[in-house]
Structures are given as C-alpha cells and as structure tokens.
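Visitor:
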Ligand SMILES: Cc1cc2nc3c(=O)[nH]c(=O)nc-3n(C[C@H](O)[C@H](O)[C@H](O)COP(=O)(O)OP(=O)(O)OC[C@H]3O[C@@H](n4cnc5c(N)ncnc54)[C@H](O)[C@@H]3O)c2cc1C
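Numbering (the numbering used here), first residue to last: 90 to 505.
1. Are the segment 168-178 and the segment 281-299 touching, with three or more C-beta to C-beta distances below 8 angstroms?
2. Quick one: what's residue 212 bridged to in DSSP?
3. Taking its Cβ as the centre, do 16 or more other Cβ atoms sit within 10 Å of residue 205, making it buried, or is it exposed?
4. What is the DSSP secondary structure of residue 264, counted as helix, strand or coil?
5. Is residue 419 near ligand 1, with its Cβ less than 7 angstroms from a heavy atom?
6. Taking all protein chains shown into account, decide if residue 90 is buried (16 or more other Cβ within 10 angstroms of its Cβ) or exposed.
7. Can you give me the C-alpha to C-alpha distance between residue 164 and residue 291, rounded to a whole angstrom?
8. Just to confirm, does residue 165 get its C-beta within under 7 angstroms of one of the non-hydrogen atoms of ligand 1?
9. Beta carbon of residue 384, beta carbon of residue 189: below 8 angstroms?
10. Taking only three categories from DSSP, how would you classify residue 192?
11. Return yes when the C-beta of residue 312 is under 7 angstroms from any heavy atom of ligand 1, and no when it is not.
12. In this structure, does DSSP put residue 206 in helix, strand or coil?
13. Would residue 152 and residue 352 be called neighbours here (beta carbons separated by less than 8 angstroms)?
14. Go to residue 251, then tell me how far its alpha helix (DSSP H) extends in each direction, as first and last residue.
15. Specify, as a first and last residue, the run of the alpha helix (DSSP H) that residue 173 falls within.
16. Does the beta-carbon of residue 359 have 16 or more other beta-carbons within 10 angstroms, so that it is buried, or is it exposed?
17. Compute the minimum distance between the beta carbon of residue 315 and the heavy atoms of ligand 1, and state whether it is under 7 angstroms.
18. Could you have a look at residue 303 and say whether DSSP puts it in helix, strand or coil?
19. If we count the other Cβ atoms within 10 Å of its Cβ and call it buried at 16 or more, is residue 226 buried or exposed?
20. Let me check you understand the geometry: is the CB of residue 144 closer than 7 angstroms to at least one non-hydrogen atom of ligand 1?
21. Ligand 1 and residue 256: does the residue's C-beta get closer than 7 angstroms to at least one heavy atom of that ligand?
22. Roughly how many whole angstroms lie between the Cα atoms of residue 201 and residue 208?
23. Could you name each continuous beta strand (DSSP E) segment of 3 residues or more that falls completely within the segment 307-386, going from the start of the chain to the end?
24. Leaving out the 5 sequence neighbours to the left and right, which residues in its chain are closer than 6 angstroms to residue 337 when beta-carbon positions are compared?
25. Just to confirm, is the Cβ distance from residue 302 to residue 107 under 8 angstroms?
26. Under 7 angstroms from any heavy atom of ligand 1, does the C-beta of residue 149 make it?
27. Rounded to whole angstroms, what's the CA-CA distance from residue 269 to residue 461? Just pull it up for me.
28. Examine ligand 1 and report whether any of its heavy atoms sits within less than 7 angstroms of the Cβ of residue 130.
29. Short of 7 angstroms in beta carbon distance, which residues of its chain neighbour residue 423, apart from the five on each side in sequence? Order them along the chain.
30. Can residue 330 be considered in contact with ligand 1, in the sense that its beta carbon sits closer than 7 angstroms to one or more heavy atoms?
31. Please confirm whether residue 372 has its beta-carbon closer than 8 angstroms to some beta-carbon of chain C.
32. With H, G and I counted as helix, E and B as strand and the rest as coil, what does DSSP make of residue 396?
33. Is residue 238 helix, strand or coil by DSSP?
34. Which same chain residues, not among the five before or five after residue 156, have their C-beta less than 6 angstroms away from its C-beta?
35. Going by C-alpha to C-alpha distance, which of 275, 450, 484 sits closest to residue 413?
36. Can residue 101 be considered in contact with ligand 1, in the sense that its beta carbon sits closer than 7 angstroms to one or more heavy atoms?
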C-alpha cells in the first residue's frame, strides 16, 4: 500500500479517490488545475441572477449506491433530497398532455401491470421490447437491437435515455442502456427515485469532502495543473510529476490517481486510448418563483427543453445533446426554452424573467458504441498510476455515480 498518493484533478472522481485513500490511512496530496474543486459538478455565485447556480441540473437516483456511500462518507447524506415515491412527472409540450410514471418499489416491476402507474396508451406486452437490452453485446446501438417507436419509446424510454446518455438514444450504446435496466431490475423501482442537491452541488458533493480531506491532513493545491508525468518504463513506474510550481519526485512508496478529463489524461499518459466525441448540455436558469405544488423534476417531451427542475426563486431547464441549439443567439434560446417552461408551469410567457445560460459543449463523452469501446480500464501499465473519471470503463454512463465509482476503484487498485 502506498504511503502518499497524488490525486490529480479535484472533480468528483478525484475527490472520491482522495476520500477513499485518506479513510484507509494513506496520505493524500490533491492537485487541481482550476481555482476551485468540483470540476463539472459545482456551484458558483452568478451576478446576473444574484444567486448561487449549479453547473447543470444534476439529478442522481436513489439506486446510485456509490454516490450515496460517498455522501455518507463525507457527512453530507442529508444534502440530497427528493420525492418519497419513485417516479417522474412528464409533459408532452406539443400535445399539451401530462402524465406521471410511478414505479413500484418492489423488484418485480408490478407498476407495468397498473394502467394508472404505467405510461399512458401502453400495454403490458409493450414492455417486453426492452428485454434485448439485457443481453446487448458491446458495439451495438439501442436502435440496432430494439424497436425505437411507439408510446413506450416516445414517452418513457427516449426521454430517460436521452437524459442519461446525452446522445440520440437510437444511436446510444445498448450495453450502457442495458446496464441501467439491469440495475433497475436488481434494485427495483427505488432505483429510479430522483434526488437533487438541496443547497447546491458544491454543498452536497464538494465542500464537505474538501473539509474532511483538509481536516485529515491532505495537502490541497488549487491552480496547480499537472503538465507532464515522467515514467521509468523498465521499472513500470511514474517517477516524477511536473507542475507549474516545479517538479515533484515520486518516492518508491508514492503513487498517482489521474482523475482529469479524457483529453488531459491522453496528453499525460503515452498510448492511452480515450473517448473522442463529447456532447453538449445547456442549462437555463430563470429567476422566478416556482408555482406551489409543481411536480419536479419534470421530463419534457416534444419541446426544446428536456428536463425541468425547481428550487427557491428559480426554475431550471436542461437541454441534452444541445450542440445544435447552442448555435442560436442566447436570447432566442432563452425565449424558446422559457416558452416550454411557461407551458409546463402554467406561468405567463411574457414577460421573460431574468435568465442565465450555463453551457458546456464538452459536457460528457458521447455514449455511443464506438466511444464506449474506447474507455480505458483504471489500471495502467505503470504500477503506481491508476485512472479515474466518468469516461473510464465503469460500465456506467458519464454520471456522478460513474465518476465516484471510478475514483473509488482507482483508489482500491492502489490499496490492493
Ligand atoms: C451540464 C452538466 C449536467 C450534468 N448532469 C448530470 C446529472 O443530472 N446527473 C449525473 O449523474 N451526472 C450529470 N453530469 C455529469 C457529471 O457532472 C460528471 O459525470 C462528473 O462531474 C464528472 O466528474 P469527473 O471527476 O470524472 O470529471 P471532472 O468534473 O471533469 O473533473 C476533472 C478535474 O480535473 C481537473 N484537471 C484537468 N486537467 C488537469 C491537470 N492537468 N492537472 C490538474 N487538474 C486537472 C479539472 O479542472 C477538473 O476539476 C452532468 C454534467 C454536466 C456538464
């Protein structure tokens, strides 16, 4: 077991690795390129709306065991909140129809036998169409192994797979879609109870971890990008880390968890294959009080926005696979999305409330079969270097659960 581990990157993968290592008695030095920790999952103060905003409308599910174990480990379990019952509210913006899907908590998917709980206009037998996903082989897309038509597809599968995989679901990896389905069948409907960060992403996932690490004696270095790793190929070890501030020589009892995005890792690790294509997510924050009793998170179908959530003084809409829509002028995009949000909340379309767009054109790797095949394992050919990040081969989509799972795995490999 190493004495000291340098964790590079303080996104959730790096934080999860650092917390795991410190809890096992390993000394941690956390190096982050940016001026703050959290990576793609964090909060900041926005002057336009005079409010703290999150880097996206992050939803996790009650079935995400690694995420729940992580927030418990950092003492932030009560920072996640959600409805009591598993399920989602839906609205079809074109047809102006609303429905909700209420999953049964049991492992047996009894909800599909209940016409009031299942998707409107579907029959019990329609649900058998998803079974091929459970046996999906690597390299296949959802569209290649199941029919992507009909009310079950349009009203449940397409919107949920779009949110989880952030690509056109017909082209998405059937293997990843199957993994999500398997999880639901193993855990039951509880797997689909949505949870969000009560007081913002940083207060749930980042700040408590930093406090715990600092308290435990970890060195936390912000604005400290790693520029290069020197390797000794014969010894199969990394031997030095080059930062702006100088070189750190690695002792025989020191190791590295590299928890940076795919492109940064490819530049630091010779011969590393990583996913190449990434897709965008746009989040539109509107400064308006949500109407009382509004059921959120709400899945939006046949509109510009795909997802709606609410917090005190704010309605937040998400557009998945948003690359094409980000070509629009920002105020046109805000108007279009506000029209969807106004319809979903029964608020007036005029006046347009104060808004802010947060967009990330490289939000997550495109969860398509060919990209899935490019995800590397946590282990590298250097014995003291492991990889973490939502883009590594976790078997999960690029999510908080995937990032935290990857960090835990990268740490465990060094511990063993
Ligand atoms: C808009 C948006 C919405 C999302 N919605 C959801 C959702 O609803 N549910 C969900 O589960 N997931 C969601 N995700 C995905 C989730 O945010 C990510 O999967 C997760 O945050 C990735 O964490 P990570 O640690 O793997 O990567 P990152 O967060 O990218 O962390 C990598 C860190 O490495 C640092 N770094 C880079 N280069 C260097 C270097 N050379 N030296 C040192 N540090 C370096 C970066 O600054 C960064 O802090 C969303 C993502 C986005 C962008």
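Glycine is no exception: its CB is placed at the ideal position from the N, C-alpha and C atoms.
Guide: For this structure:
1. yes
2. Bridge partners of residue 212: none, in fact.
3. exposed
4. helix
5. no
6. exposed
7. 13 angstroms
8. no
9. yes
10. coil
11. no
12. coil
13. no
14. 247-254
15. Where residue 173 is concerned, there is no enclosing alpha helix (DSSP H), given that its DSSP letter is neither H nor E.
16. exposed
17. yes
18. helix
19. exposed
20. yes
21. no
22. 8 angstroms
23. 308-310, 315-321, 326-332, 335-338, 343-347, 367-375
24. 330
25. yes
26. yes
27. 14 angstroms
28. yes
29. 373, 441, 444, 446
30. no
31. Note that chain C does not occur in the displayed structure, where there is just one protein chain.
32. strand
33. coil
34. 149, 489, 490, 493
35. 450
36. yes
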